Every structure is written in structure tokens, then in C-alpha cells.
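Residue numbers (our numbering), protein chains in the order written: chain A, 1 to 376; chain B, 377 to 479.
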């Protein structure tokens, strides 16, 4: 009990000392909280997105075969699928039809796709809720899009795709094969790419190699590669994040530099007076430990709580303008709060511990000098 | 009677820790409750043979990130800088970088 009371007395004194320099310490606390808020927001957002991608894309096609020409993808002859189907381990090959449509009235890009199952009747389409919102279009409405020949095609809206799946379907227009070929002008014997079903996941690589041997201009993309794509999205090397992380690292370097290069004259005088009135060096270090802990732990807790609210309760409102870029059609989604506690622990140890240590070290130097010399 | 400063600080910190624990409990509840939502999304992925998340719609290579090639972001000329903001958020898919030069 005596030890706890001892700590509480020192904490009382530390808080009074911090409040004496309330302007400086409030600014420090705000900047520190802001840095942790930004870092924690990025960590929460990227981890939740990666987990969501891993979960939903586990049923993506097992192998996609694209045809490339001078480095760009080109429509693939559907006849190639017949030969690929003969490879051992391939269960089925389905020509996929999908592509983009730029709407110059709304300046939006749509993704057109022909589904594997339950396609709409010719003349009708399903649309993503992003398109529905932007064009104020509802089931049974008639909607027009300009085809490859510049002539408009009208469709009846059969369904609006599930609003909660916007992160997958916001910009989709789902239509029948007949309508897609008429709309895009892609010939009957060609497809955008081929989707393969494969019996054994361990055969993905072997089958992909056989396909490239058979047709050297093809590029097979296997499901594990599709899933890994979203592990790399928002990786630390991507442009914007490296700016955020560099700014945060720089801010911490400035904090640490400020603390490690010494104390202000006022702080040194305070330590001298405390020594002169009988404080032990260990008491002064304890006071500095509490000072570092009060600032860094409070910043960590407030910054992390605000980041959680920002990412999972306000749909990452501050990131939205960056995510939208120049697009006029974008998904509005709320991520499921998958949290990586390992990342949180790392953030804690990379922010709270270094700050506390850099607060104690210069104070230890000042506290071990003669009080008379410190106060001069 | 005035509360001691340490009491106010420790009480506030305890309150913040409790809020954080509450948020983490909220998170685990939300994850548990989202099972059926994910099941619906997985059905959609299978039915529509989707390969990518609809995160960005401004450029084809960020809309279908896993399907893109290396040339598209620089399609205007080999020296043109990629100019869509979302291009600065994403890295090229690992399989594209690994296979660079082989296709």
C-alpha cells in the first residue's frame, strides 16, 4: 500500500508539473494523438479490407486465362478453351464476358459482366447499388446505355444487387450473353478471358504452366494470386502510405530528438530544486516515467479509440476522398471490424515505449549531477 | 472535497481502457454477426465469377487490380506518369511483379 501511495504522490506532482506547462503539453498531446489516430486508422482499415478480400474472394475462379498481345490483354478465342479442357485436372472451362463502359453523361465507369448462373433475360439487366444511387434507377425502370457503335440500348432493370455487397458490386451491370455481345461488339467466337475449374488446388501451378506452354501468349492468373493481390493493396510501399508512415516516423524522430537532446532550462531547474529539497534520483526518474506514461498512454488510448470510431463507425470518412479519386461512382461500405491485435501491440510498443524511454534518459543525466550545478 | 489529480487521471485512463475493451467486444460481436452477410457475398462472387473488390472505379487497373497488366497505367506513352490518384494507393499485384519480363 505504501508503494502505491508513493507512486500516487509522485503522479500527483507529475500532473501538477504538466499542468504548469499546459499550453506546451496540450499541443504535444494533440499532435501525438493525431499521429496515433492516423496510424491506427490506416492499420484498422487495411487489415479489415485484406481480411474481407481474403474471405469473399476464396470463391473466385480457380484459374483465369487471359490472352496478351504486346503486353496488353486481348479477347481470347473460345476455341482455345476446348484444348485447355483436355489438360488433366481441369474440370471445366467457361468463357467469361466482361468489360468496361464509360458513361460520359455521368462521367462514370461501369463494369459489364455476364454471370455464370441466373443471367437476366435479354433486354433486362441487374445493376449495382452505386449505379442505382447515381442514376436514381430502380427495378422495372428503363435505362439506356450507349453501345460500341454509338447507338443507345435500352434495358429494363430486373434487380438492384444487394446493397450490403457494394464493395463487390457497386459498379456492376449484369446482362445476358446476347445483350453483352450486341452491346460490346465482341464476336461470337471470342471471350474476354477463360475461367477454369480445377479439381485439386495443388495442381494450379502445373496447369498454369501447361497452358502457357500450349499458348505462349496467354497469362494464367490463379486464385491464390488473386487473393494475394489484396494483401499487397495499401502495402507500406504504395505511394500515399509511405508518405503517411514517413510523416509519422519523422514526427516521432522530432519528439525523440526533442526529449533526448536534453531538458529545457525550466525542467533542469525543477530537477535541481527537487534534488535540493531531498528528492532521490530514483524519485525523479519515477516522476519522469510517469510524465512519459501520462502523455503517451493517453495519446495511444484516445488515438486508437478515435481511429476505431473513424474506420468502423463512420465508414472511414476521412479516407473517402482519397479512395474516390476522380471517380463519380464509388461504393459506400462499412467494413466488418476485423482487428489484428498483434498490429495494435506493435503500435503500442513503437509509440508508448520509445517516448517514455526518451523522457527518462536525459532526466537521469540531469538528476545525477550536483543540484547546485543544475540550477546555475 | 477536491479529488486528487492522480485519482482523476487514473479514473480517466481506466475509463478509456474500458471504452477500448468495449469497442473490441463490439468488433468481435460484429464479426460473429457478419457470417450470413459473408455467405451472401461469397455466393455473389461465385455466381458472377468476380475476381476483385470494387474499391476504385476511376481506372481499369485499379478497378480490377488482380487482372491488370503492367502497360495499362502507362498507356499514353512509356514515359507518361500514371495520373489517377488511386494508383498511388495500391501496389502492383505480386504475380505481375514476379512475372515481369516473362510475358
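All residues carry an ideal CB built from backbone N, CA and C; glycine is no exception.
Since the model is a prediction, treat every value here as computed from it, not as a measurement.
Local Cβ density within 10 Å of residue 364 (chain A), reported as buried at 16 or more and exposed below that
Sequence index remark: in the first chain, residue 364 (chain A) carries index 364 (1-based). Residue 364 (chain A) is exposed by the Cβ-count criterion.
With a floor of 4 residues, list each alpha helix (DSSP H) that falls wholly inside the region 170-202 of chain A, ordered by position along the chain.
177-184
Please list the residues of the region 405-435 of chain B that have a C-beta atom closer than 7 Å to any C-beta atom in chain A, keeping them in chain order.
406, 407, 410, 413, 414, 416, 417, 418, 420, 421, 422, 423, 424, 425, 426, 427, 429, 430, 431, 432, 433, 434
Cross-chain neighbours of residue 59 (chain A) in chain B, by beta carbon under 7 Å
As a first step, residue 59 (chain A) must be located in the first chain, where it is residue number 59. 418, 421, 422, listed in chain order.
Would residue 207 (chain A) and residue 89 (chain A) be called neighbours here (beta carbons separated by less than 7 Å)?
Within the first chain, residue 207 (chain A) is the residue found at index 207, counting from 1. Within the first chain, residue 89 (chain A) is the residue found at index 89, counting from 1. Yes.
Considering only residues of the same chain and omitting the five flanking positions on each side of residue 42 (chain A), which have a CB-CB separation below 7 Å?
As a position in the first chain, residue 42 (chain A) is number 42, starting the count at 1. Cβ within range, chain order: 241, 244.
Report the CB separation of residue 432 (chain B) from residue 57 (chain A) in whole angstroms; it is logged as a contact under 8 Å.
As a position in the second chain, residue 432 (chain B) is number 56, starting the count at 1. As a position in the first chain, residue 57 (chain A) is number 57, starting the count at 1. Actually they are not in contact, since the Cβ atoms of residue 432 (chain B) and residue 57 (chain A) sit about 16 Å apart, beyond 8 Å.
When you compare the CB positions of residue 435 (chain B) and residue 339 (chain A), do they come within less than 7 Å of one another, or not?
Residue numbering aside, residue 435 (chain B) sits at position 59 when the second chain is read from its first letter. Residue numbering aside, residue 339 (chain A) sits at position 339 when the first chain is read from its first letter. In this structure, residue 339 (chain A) does not lie closer than 7 Å to residue 435 (chain B) by Cβ.
Does DSSP classify residue 416 (chain B) as helix, strand or coil?
Residue 416 (chain B) sits at position 40 when you count from the first residue of the second chain. The answer is helix: DSSP assigns residue 416 (chain B) an H, G or I state.
Measuring only the C-alpha atoms, how far is residue 73 (chain A) from residue 26 (chain A)?
The sequence position of residue 73 (chain A) within the first chain is 73, counting from 1. The sequence position of residue 26 (chain A) within the first chain is 26, counting from 1. Spanning the two alpha carbons is a distance of roughly 56 Å.
Shorter than 7 Å from the beta carbon of residue 12 (chain A) to some beta carbon of chain B?
Position 12 of the first chain holds residue 12 (chain A). At least one chain B Cβ lies under 7 Å of residue 12 (chain A).
Under 9 Å (Cβ pairs) to chain B, residues found in the region 168-182 of chain A:
168, 169, 170, 171, 172, 174
Hey, residue 10 (chain A) and residue 286 (chain A): beta-carbon distance below 7 Å or not?
Indexing the first chain from 1 puts residue 10 (chain A) at position 10. Indexing the first chain from 1 puts residue 286 (chain A) at position 286. Closer than 7 Å, so yes.
Along the region 205-220 of chain A, what residues have a CB closer than 9 Å to any CB found in chain B?
212, 216, 217, 218, 219
Counting only beta-carbon separations shorter than 7 Å, does residue 346 (chain A) have a partner in chain B?
Residue numbering aside, residue 346 (chain A) sits at position 346 when the first chain is read from its first letter. Judged by the 7 Å Cβ criterion, residue 346 (chain A) is not in contact with chain B.
Grab the span of the beta strand (DSSP E) containing residue 99 (chain A) for me, first residue to last.
Residue numbering aside, residue 99 (chain A) sits at position 99 when the first chain is read from its first letter. Counting along the chain, the beta strand (DSSP E) containing residue 99 (chain A) begins and ends at 98-103.
Check the Cβ of residue 399 (chain B) against every Cβ in chain A and list those closer than 7 Å, keeping chain order.
In the second chain, the residue the question calls residue 399 (chain B) occupies position 23. Here the neighbours are 305, 308.
With a CB to CB cut of under 7 Å and the five nearest residues on each side skipped, what residues in its chain are close to residue 200 (chain A)?
What you label residue 200 (chain A) is simply residue 200 of the first chain in a count that begins at 1. Taken in chain order, the residues that qualify are 89.
Determine, using beta carbons only, whether residue 392 (chain B) comes closer than 7 Å to chain A.
On the second chain, position 16 is the one that residue 392 (chain B) refers to. Judged by the 7 Å Cβ criterion, residue 392 (chain B) is in contact with chain A.
Tell me which same chain residues have a C-beta within less than 6 Å of the C-beta of residue 479 (chain B), skipping the five on either side of it?
For the purposes of this step, residue 479 (chain B) is identified with residue 103 of the second chain, where counting begins at 1. The predicted position of residue 479 (chain B) is uncertain, since its pLDDT is 46 and thus under 50; a value taken from the coordinates is nonetheless stated next. Nothing listed; no residue qualifies.
Going by beta-carbon coordinates alone, are residue 271 (chain A) and residue 366 (chain A) separated by less than 7 Å?
Position 271 of the first chain, counting from 1, holds the residue named residue 271 (chain A). Position 366 of the first chain, counting from 1, holds the residue named residue 366 (chain A). Against a cut-off of 7 Å, the Cβ pair of residue 366 (chain A) and residue 271 (chain A) comes out as a contact.
Kindly list, in the order they appear in chain B, the residues whose Cβ is closer than 7 Å to that of residue 117 (chain A).
Within the first chain, residue 117 (chain A) is the residue found at index 117, counting from 1. The answer, in chain order, is 423.
Contact residues within the region 94-105 of chain A, judged by C-beta distance below 7 Å to chain C:
Any reference to chain C falls outside this structure, whose protein chains are A and B.
Quick one: what does DSSP say residue 88 (chain A) is sitting in, helix, strand or coil?
Within the first chain, the letter at position 88 stands for residue 88 (chain A). Coil, per DSSP.
Residues of the region 326-357 of chain A whose Cβ lies closer than 7 Å to any Cβ of chain B, in chain order:
326, 327, 329, 330, 331, 336, 337, 338, 339
Going along the region 39-53 of chain A in order, which residues come within less than 7 Å of chain B, judged by CB to CB distance?
53
At which residues does the beta strand (DSSP E) containing residue 66 (chain A) begin and terminate?
Within the first chain, residue 66 (chain A) is the residue found at index 66, counting from 1. Here the beta strand (DSSP E) through residue 66 (chain A) covers 63-69.
Between the region 325-340 of chain A and the region 96-110 of chain A, can you find at least three pairs of beta-carbon atoms closer than 8 Å?
yes
In the region 143-170 of chain A, which residue ranges form an unbroken alpha helix (DSSP H) of at least 4 residues, counting only runs that do not cross its ends?
166-169
Residue 385 (chain B): contacting residues in chain A (beta-carbon distance under 7 Å)
As a first step, residue 385 (chain B) is located in the second chain; it is residue number 9 there, counting from the start. Within chain A, the residues near residue 385 (chain B) are 11, 15, 294.
Note down, in chain order, every chain B residue with its Cβ under 7 Å from the Cβ of residue 55 (chain A).
In the first chain, residue 55 (chain A) corresponds to position 55, counting from 1. Going along chain B in sequence order, the residues near residue 55 (chain A) (Cβ under 7 Å) are 414.
Any beta carbon from chain B within less than 7 Å of residue 366 (chain A)'s own beta carbon?
If you number the first chain from 1, residue 366 (chain A) lands on position 366. No, residue 366 (chain A) does not count as interfacial toward chain B.
Can you find a CB in chain A that lies within less than 7 Å of the CB of residue 396 (chain B)?
Counting from one through the second chain, the residue named residue 396 (chain B) turns up at place 20. Closer than 7 Å: yes.
Quick one: complete alpha helix (DSSP H) runs, 4+ long, within the region 378-439 of chain B?
381-409, 411-424, 436-439
Using three-state DSSP, classify residue 119 (chain A) as helix, strand or coil.
Walking along the first chain from the start, residue 119 (chain A) turns up at place 119. Note: residue 119 (chain A) maps to coil in three-state DSSP.
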